[in-house]
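2 protein chains.
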Amino acid sequence: MLIGNAVVGQSGGPTAAINATLAGVIRGALEAECIGKVYGMRNGIEGFMEKRVISLDGIFEDENKLKLLEQTPAAALGSCRRKLPDPESDDAKDVEFYNKLFSVIDELDIKYFFYIGGNDSMDTVKKMSIYAKKVHKDIRIIGVPKTIDNDLTMTDHTPGFGSAAKYIATTVREIIRDCSVYTVRAVTVVEIMGRDAGWLTASSAIGRVVDGMAPDYVYLPERAFDMESFFADIEKAFEKHPDVVVAVSEGLQFADGRYVGEGTQSGVADAFGHKYLAGTGKALEMAIKEKFGCKVRSVELNLPQRCAGHLLSLTDIEESVRIGREAVALAVSGGSGEMMVFVREEGDIYHCRVDHRSVMGIANSTRYVPDEFINDENNNVTDSCCEYLLPLIDGEYPTMFYNGLPAHIIL
Amino acid sequence: MLIGNAVVGQSGGPTAAINATLAGVIRGALEAECIGKVYGMRNGIEGFMEKRVISLDGIFEDENKLKLLEQTPAAALGSCRRKLPDPESDDAKDVEFYNKLFSVIDELDIKYFFYIGGNDSMDTVKKMSIYAKKVHKDIRIIGVPKTIDNDLTMTDHTPGFGSAAKYIATTVREIIRDCSVYTVRAVTVVEIMGRDAGWLTASSAIGRVVDGMAPDYVYLPERAFDMESFFADIEKAFEKHPDVVVAVSEGLQFADGRYVGEGTQSGVADAFGHKYLAGTGKALEMAIKEKFGCKVRSVELNLPQRCAGHLLSLTDIEESVRIGREAVALAVSGGSGEMMVFVREEGDIYHCRVDHRSVMGIANSTRYVPDEFINDENNNVTDSCCEYLLPLIDGEYPTMFYNGLPAHIIL
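Protein chains in written order, with our numbering: chain A, 1 to 411; chain B, 1001 to 1411.
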């Protein structure tokens, strides 16, 4: 049994569930007999290098505070975007970096190191694991994934995605209701996050298999975007109803690789002469107005997609807590250099078990929406895509409100 | 006792509570012995003129459907924007308009006419009341206000505002959490609806009197916007923390009357040569980038502000139902040509009673945020403003979900 302290950090972009995973790690660490103190890194590895840590075990003896943490969006410990140097490098600066990092580890008697984040954070876990092995350091290092983008390989889905998907599916349906009240022709373009993979944009369609209410079309970055086909799609939708709603990924590209949002840059500059990137939704809004002369609106869902703590998927939050807790269990039982993953069990009833994969095998690759989830016309997702997504948004986390507002904890 | 049928219509822009008021009117009408059938106008007065009505009494004998209606955002009956002609006019076209309108009323044996909407809809109620009196028609005509903008005179607040305010306060706080995770200087500008009155933008500050979490600054359209003071404000905020969040109204104007969002129009055109109105948030984003060279983002809360049925103020929805129900009671007891209003009772505990005011007294004027609700620096609201707003967002409507998504009714 390895006895010592634990430290946990958060890294990369915020999600609405990254604190639920933090709560899971804290719960696991508080329960583990071999773990003494539980530290939290301020601003990830960057703060840790400067010994900016916070003692978590005292604060979170109070179960209510763990509950509050679960529902607080964005990284409560703060985050960073820091790429670690090559652990095999002999460069003096690189050697010094790892010396310093591991001296902080020694100073705080850290034996258990947990890092919650996306691809870059798993890279950190990998490099630290390699270095620890190189210097024969007995420390357990575990990565716990999070990203609203759902684009990590080796896992069925990522913690944080389900809540983002629930928010997007819900909000797009509300926009559809809003757009349905008038009788004049109008197109509403909803721009959704996801520069490379279309998982979030695909989520806007989930309602289709529930009660039929979903956007007319859904365009993912996995397919080249063609303006003429897009116009033809809208034309066809107008034959059915005057209120057309389409969901588009921010990352849409034409066949020649140009971003759809790029069009609005060329020749466009603000009062100061700045080139101005309007975004995919705005570019399509202008193109539709030019083509159809009808009322057009674009709505960018923007930051709320990743921080809407008031509308959390119960499944996502429960799983996010669980994967954090099991990360600790794995470390305690001897695991290290591993990333936690979800494996979806076969069968009609949704169930995911938590498993782990060696971080050594992680390539910095993106998990795209597969072909069988995109229709032949490249303008929507298939029912099987919706069926994959549906259980991930299931259930509503019972958010605690105080004076009419969701309560947050600030560390 | 006036015996006959009732009709109810919805008009103007959608809100998340306008269907709750519809549910209130339906409940009231179903209970009233003197009311036979209950019709709903499709697309307000416009559809009614074409006899496009739907029979509501059958559908809503089912209490569950009334509950579903309460939580469905946007006008379930459809809406319109139609200004009625002068009822005193002798112009043949105008006379024909009212002849046609009242022939539909006769044909459907309508004795009770309810119209839910904003200023323009109250104008409709007023004109129809004048015409009915002129032709000695015994019909009870009542207006029920709704608008997220909260800018109607004669009422303490408007149905629909509380839910919009709750969504805005909640979402801005989540954005504040999201922006807090990094250590680099960054400004986030949140653009909020309200072209003339700043009530919605003011709502972003409510959290300040709850737990201190609110934007650094809040700029309302009631005050001329000054770019140099704005820069000075941001400078001052940077002294305290690196993550600055400001809330701005879409309707901000400079002292000379130019809209702040207008700046981005001049000289800016898209690929097709269109002038491009970027909006207040985008304009300020660019100005801050130019001035400070730091990371800047703008987030337009956009349509979800008025249709976020998944996050409803319980107070707002209960009051919205109540005001609809009391509109029917007033009509049944002989009232006509009246608009329903809320009157806030004096005292420490919030209580509003429903009352009514003659629509004849309604000037087409806007209720602005008063001076005592805006601070001396013109860059925030006062605590007394927050105290006025706080009870309006109180309580959470228990939204019913189905398969992870809020359930809606479609009529």
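C-beta atoms are modelled at their ideal positions from N, C-alpha and C, and glycine is treated no differently.
- The C-beta distance from B:V1038 to B:D1057 rounds to 4 Å, short enough to fall under 8 Å.
- Distances from the CA of A:R344 to each of A:R52, A:L84, A:T155 were compared; the closest alpha carbon is that of A:T155.
- Each residue's CA atom was taken as its position, placing B:V1246 and A:G118 some 29 Å apart.
- For B:L1405, the closest Cβ of chain A is nearer than 7 Å.
- At least 7 Å separates the CB of A:F225 from every CB of chain B.
- For A:R195, not one C-beta of chain B is nearer than 7 Å to its own C-beta.
- B:L1314 has its alpha-carbon roughly 43 Å from the corresponding atom of A:I45.
- In terms of Cα proximity to A:F102, the closest of A:F114, A:D120, A:F48 is A:F48.
- Only residues of its own chain outside the window of five on either side were considered, and among them I1045, E1046 have a CB closer than 6 Å to the CB of B:R1082, listed in chain order.
- When Cβ-Cβ separations below 7 Å define contact, A:S103 makes no contact with chain B.
- With three or more CB-CB distances shorter than 8 Å, the stretch 330 to 350 of chain A counts as touching the stretch 143 to 155 of chain A.
- For A:A331, no CB of chain B lies under 7 Å from its own CB, so it is not counted at the interface with that chain.
- For the stretch 1233 to 1253 of chain B, no residue has a beta-carbon sitting nearer than 7 Å to a beta-carbon of chain A.
- The secondary-structure analysis by DSSP pairs A:D243 across a beta bridge with A:A186.
- Proximity to B:E1033 across B:A1287, B:E1262, B:N1005 peaks at B:N1005, based on C-alpha coordinates.
- When DSSP assignments are scanned along the stretch 1349 to 1400 of chain B, the uninterrupted stretches of beta strand (DSSP E) that are 3 or more residues long and fall wholly within it turn out to be 1352 to 1358.
- Within the DSSP bridge table, the entry for A:Q253 names A:Y259 as partners.
- Under the DSSP definition of a beta bridge, B:A1006 partners with B:V1038, B:Y1112.
- At a C-beta separation below 8 Å, A:G78 has these neighbours in chain B: S1180, V1181, Y1182, T1183.
- Looking only at A:N302, A:K51, A:S320, A:I288, the smallest Cα-Cα distance to A:E70 is reached by A:S320.
- Around the beta carbon of A:V135, fewer than 16 other beta carbons lie within 10 angstroms, which makes this residue exposed.
- By a beta-carbon distance limit of 8 Å, B:R1325 contacts B:R1027. Their separation comes to about 5 Å.
- Between the stretch 1143 to 1152 of chain B and the stretch 1182 to 1197 of chain B there are three or more C-beta pairs closer than 8 Å, enough to call the two in contact.
- Taking 9 Å as the Cβ-Cβ cut-off, the stretch 302 to 316 of chain A approaches chain B at N302, L303, P304, R306, C307, A308, G309, H310, L311, S313, L314, T315, given in chain order.
- The C-beta distance from A:P73 to A:A16 rounds to 4 Å, short enough to meet the 8 Å contact threshold.
- Neighbours of A:V218 in chain B, taken as residues whose beta carbon is under 8 Å from its own, are absent, since the nearest beta carbon is some 16 Å off.
- Secondary structure note for A:R344: its beta strand (DSSP E) is the uninterrupted segment 338 to 344.
- At a cut-off of 7 Å between C-beta atoms, A:G293 does not count as an interface residue with respect to chain B.
- At a C-beta separation below 8 Å, B:L1390 has these neighbours in chain A: N403, G404.
- Approximately 14 Å separates the beta-carbon atoms of A:I105 and A:V125; this is outside 8 Å, ruling out the contact.
- In the DSSP assignment, B:F1225 is bridged to B:F1254.
- In this structure, DSSP gives A:G281 a helical state, which the three-state scheme calls helix.
- When DSSP states are grouped into helix, strand and coil, A:I142 belongs to the strand group.
- The alpha carbon of B:K1295 has as its nearest neighbour, out of B:P1221, B:S1079, B:I1234, B:I1018, the alpha carbon of B:I1234.
- By the beta-carbon neighbour count (other beta carbons within 10 angstroms, threshold 16), B:K1093 is exposed.
- Taking 7 Å as the cut-off, the Cβ atoms of A:C307 and B:D1216 do not count as close.
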